[in-house]
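**Q** Per our numbering, the very first residue in the sequence shown carries number 264; after that it's consecutive.
Every residue, glycine too, gets a C-beta built ideally from N, C-alpha and C.
Every value quoted in this text rests on a predicted model; they were computed, and no experiment measured them.
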Amino acid sequence: MNIDQSKIPQATAKRLPLYYRFLKNLHSSGKQRVSSAELSDAVKVDSATIRRDFSYFGALGKKGYGYNVNYLLSFFRKTLDQDEMTKVSLIGVGNLGTAFLHYNFLKNNNTVISIAFDIDEEKIGSEIGGVPVYGLDHLEAELPDDVTVAILTVPAQVAQSITDRLIKKGIKGILNFTPARLSVPDEIRIHHIDLAVELQSLVYFLKHYPNE
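1. Between the Cα of L458 and those of K470, D449, P473, L438, spot the shortest distance and give me the residue it belongs to.
2. Per the DSSP calculation, T411 is bridged to which residue(s)?
3. Quick one: measure Cβ to Cβ for I376 and L353, integer angstroms, because I've assumed they're closer than 8 Å.
4. Could you tell me which residues DSSP puts in a beta bridge with K341?
5. Just tell me which of L335, K435, V410, D304 has its CA closest to the CA of L290.
6. How is M264 classed by DSSP in three states: helix, strand or coil?
7. In the DSSP assignment, the alpha helix (DSSP H) including G360 goes from what residue to what residue?
8. CA-CA distance, H401 and V421?
9. Given the structure, does V351 come close to the ligand SAM, in the sense that its CB is under 7 Å from one of the ligand's heavy atoms?
10. Who are the near neighbours of F285 in its chain, counting only those whose CB is closer than 7 Å to its CB and skipping five residues on each side?
11. On a CA-only basis, which of L406, A443, I453 is nearest G436? Give me that one, please.
This is the structure in structure tokens:
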């Protein structure tokens, strides 16, 4: 079945990796089928939303039976391009960046940080978590053409200038862990993750919506 991915709502697209992760766990445990209610309880998304999300991809389940785990796992693996390796660059090998290099998305075997950049002379030329660290001055020369995604964990004041350099080099997607709100062309995809804002939001909801 050919699906126009551009027609899938962004909110649905963001939930697909959640579904995929849970399905992998189900498959590992030997479970053959799952209901939308079970999925809902596991990923904390209501059943109606799950059924609507799945409906964009056609008839993935049967009423009264639920969903075949093996079929869903195979379907979402292809949908999420899990059979293709995506190489990622990391810019900024501070505390957070170092943690990323050691973790390196081990549970997602289709995504790997393959190269890192920093300005610390003690880190340049070394390997952290098996990932080589290059000097930021050599970004244009050392960043491979097949790396189109970058994780940004640098000081906010230099985030925009580094982003501009990454885009000129061919980076198409950026996961921004700095508080800077970056200006990028429309064709560049950027996801902002501000840990301080998320923590403040969590504390606010704990105080004002304790029972929800």
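**A** Taking the definition as stated:
1. Stepping through the sequence shown from its first residue, residue 458 is reached at position 195. L458 has its Cα closest to that of L438, out of K470, D449, P473, L438.
2. What you label residue 411 is simply residue 148 of the sequence shown in a count that begins at 1. Paired residue(s): none; T411 is not in a bridge.
3. Position 113 of the sequence shown holds residue 376. Position 90 of the sequence shown holds residue 353. Indeed, because the Cβ distance is near 5 Å, the residues count as touching under 8 Å.
4. In the sequence shown, counting from the first residue as 1, residue 341 sits at position 78. DSSP, once it has assigned bridges, lists no residue as partnering K341.
5. Residue mapping note: residue 290 aligns to position 27 of the sequence shown, counting from 1. Sequence inspection shows His at residue 290; the Leu mentioned does not correspond to that position. For H290, the nearest C-alpha among the options comes from L335.
6. Here the question's residue 264 lines up with position 1 in the sequence shown. Because M264 sits at a pLDDT of 46, beneath the cut-off of 50, its placement in the model cannot be relied upon, and the following sentence gives the value as read from the coordinates. M264: coil per DSSP, three-state reduction.
7. Taking the first residue of the sequence shown as position 1, residue 360 is located at position 97. Per DSSP, G360 belongs to the alpha helix (DSSP H) from 358 to 366.
8. The count along the sequence shown starts at 1 and reaches residue 401 at position 138. The count along the sequence shown starts at 1 and reaches residue 421 at position 158. Between H401 and V421, the C-alpha separation is close to 16 Å.
9. Looking for the ligand SAM in the displayed structure turns up nothing, as the structure carries no ligands at all.
10. Taking the first residue of the sequence shown as 1, we reach residue 285 at position 22. Counting only Cβ-Cβ distances below 7 Å, and skipping sequence neighbours, we find L302, A305, V306.
11. What you label residue 436 is simply residue 173 of the sequence shown in a count that begins at 1. Per the Cα distances, I453.
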